[in-house]
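Per my numbering, the sequence shown starts with residue 547, numbered consecutively. Virtual Cβ for every residue (Gly too), placed ideally from N, Cα, C. Keep in mind it's a predicted model, so treat the numbers as computed, not measured. Everything on this sheet refers to the single structure shown next.
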Amino acid sequence: DAGQSRFTLDELKSHKQIAHDGFNLSYNQLVNMDPYSFKFDGEGIPAQKFELIKGGKLVDPICDLKSAHKLGHVPRSLGGLKTNLVQATEYDEFKKEKPTFLLVFGLLGLHSVNNVTGDFSLPSDNILLVQDGKIIGPVNGVFSGNFFDILMQPSTGFVNAPHLFDSPALTFETQVTVK
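Structure follows, in structure tokens:
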């Protein structure tokens, strides 16, 4: 339906470039005993293992039952956003490349990102400031930008820091107001 997706039907069929060439994102919702795995979602869509983005191109969209039927796609559910199927930079390597950054452990209102334009402005009170590769302490902040523009940035990727969080974290550059 118009206004429900960033992408046209032709863009979905042609596997439009939506992120930089090195960006890949896959989901495996079938991992035994994983708290983010499930048998099926609230619509009855079964858990799956699938590629969402490969080489920066949209492989298959996330569609509920109604949209999947209308578009001729397989219905897919995100369920939990945790995934271990990404190419992630190790934390110590990341610190050397970018000695000052924020570790964000949660954003409030992530569901409110505009799914058509990609615009967002989201507060977080669960952030650690890292300067010169050392954790300084907690800060509060507001992140704003455009999700689709962020995916096209070559610096967007994932960092793996198992001693800090249990799944790879998305890394990107955007405007942040620290309180």
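Asked: Considering only the beta carbon of each residue, do Ser-572 and Phe-596 sit closer than 8 angstroms?; Found: yes
Asked: For the region 696-703 against the region 607-622, are there 3 or more C-beta pairs whose distance is under 8 angstroms?; Found: no
Asked: Cβ of Val-676 within 8 angstroms of Cβ of Phe-647?; Found: yes
Asked: If we count the other Cβ atoms within 10 Å of its Cβ and call it buried at 16 or more, is Val-662 buried or exposed?; Found: exposed
Asked: Determine the direct distance from the alpha carbon of Leu-558 to that of Leu-604, and round the result to whole angstroms.; Found: 7 angstroms
Asked: Of all the alpha helix (DSSP H) runs that stay within the bounds of the region 631-703, which reach a length of 4 or more residues?; Found: 637-643, 693-698
Asked: Could you give the C-beta distance for Phe-569 and Leu-649, rounded to a whole number, given that I count them as a contact under 8 angstroms?; Found: 20 angstroms between Cβ atoms; not a contact.
Asked: Whole angstroms are fine: how far does the CA of Pro-592 sit from the CA of Ser-583?; Found: 11 angstroms
Asked: Going by beta-carbon coordinates alone, are Ala-748 and Ile-599 separated by less than 8 angstroms?; Found: Any property of residue 748 remains undetermined from this structure, which presents the chain solely from 547 to 725.
Asked: Under 8 angstroms between the Cβ atoms of Phe-651 and Gly-691?; Found: no
Asked: Where Phe-640 and Ala-707 are concerned, what is the direct C-alpha to C-alpha distance, given to the nearest angstrom?; Found: 10 angstroms
Asked: Are the beta-carbon atoms of Ala-634 and Pro-714 separated by less than 8 angstroms?; Found: yes
Asked: Could you check how far apart the C-beta atoms of Leu-668 and Gly-655 are, in whole angstroms? I think they sit under 8 angstroms.; Found: 5 angstroms
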